[in-house]
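S.K.: Here it is, the structure, as structure tokens.
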Amino acid sequence: MNKQVITSEHAPAAIGPYSQAIKVGNTVYLSGQIPLDPQTMEVVEGFEAQVCRVFDNLALVAEAAGGKLQDIVKLNIFLTDLSNFATVNEIMGRYFEQPYPARAAIGVAALPKGVPVEMDGILVVG
Numbered sequence: 001m002n003k004q005v006i007t008s009e010h011a012p013a014a015i016g017p018y019s020q021a022i023k024v025g026n027t028v029y030l031s032g033q034i035p036l037d038p039q040t041m042e043v044v045e046g047f048e049a050q051v052c053r054v055f056d057n058l059a060l061v062a063e064a065a066g067g068k069l070q071d072i073v074k075l076n077i078f079l080t081d082l083s084n085f086a087t088v089n090e091i092m093g094r095y096f097e098q099p100y101p102a103r104a105a106i107g108v109a110a111l112p113k114g115v116p117v118e119m120d121g122i123l124v125v126g
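UniProt numbering puts the sequence shown at residues 1 to 126.
In structure tokens form, the structure reads like this:
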């Protein structure tokens with residue numbers, strides 16, 4: 001197995017012992033992204049802005065891997081408050097078009113840096 005580390009200097013740097021993404025063949029495994037501004041490494045304010053920032057961060061890493069957000073085939077969304085589910089759905093509709101990726105939305109007790117949302121995914125690049 002030939003693992004290739006994917007790094008985007010435009011996305012937030014990893015804040016632990018992990019890679020932004022790993023590519024094996026034409027499959028890319030995106031690490032979880034939280035709503036960090038890539039320039040300041042600070043959490044952005046406001047839930048809608050946070051969800052958008054997470055999608056933007058995932059897109060930046062996907063682009064570094066030779067893909068785009070629409071190439072995601074499996075998306076995992078982690079929320080500390082499932083009452084935000086409808087808002088996430090609405091925002092996701094701005095970023096994706098059919099066919100939508102397979103997806104899970106999971107309620108969790110806490111996330112890094114106290115953020116309310118984190119996402120990871122798997123994409124397939126041509």
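The C-beta atom is built at its ideal place from N, Cα and C for all residues, glycine as well.
(1) Starting from THR87, trace the alpha helix (DSSP H) both ways and give me its first and last residue.
(2) If we ignore side chains and look at the alpha-carbon of each, how far apart do LYS68 and THR87 end up?
(3) Would you mind sorting ILE91 into buried or exposed? The rule is 16 or more other CB atoms within 10 Å of its CB.
(4) Quick one: residues in its chain with C-beta nearer than 8 Å to the C-beta of PHE85, no 5 flanking neighbours on either side, listed in chain order?
(5) In the structure shown, what three-state DSSP assignment does LEU111 receive?
M.R.: In terms of the structure at hand:
(1) Reading the sequence shown from its first residue, position 87 is the one you call residue 87. Segment 85-95, the alpha helix (DSSP H) holding THR87.
(2) Taking the first residue of the sequence shown as 1, we reach residue 68 at position 68. Taking the first residue of the sequence shown as 1, we reach residue 87 at position 87. Going by the C-alpha atoms only, they are around 22 Å apart.
(3) Locating residue 91 in the sequence shown gives position 91, counting from the first residue. It is buried - the Cβ of ILE91 has at least 16 other Cβ atoms within 10 Å.
(4) By 1-based counting over the sequence shown, the position of residue 85 is 85. LEU79 and ALA105, listed in sequence order.
(5) To locate residue 111, count along the sequence shown from 1; it is residue 111. Taken through DSSP and simplified to helix, strand or coil, LEU111 comes out as coil.
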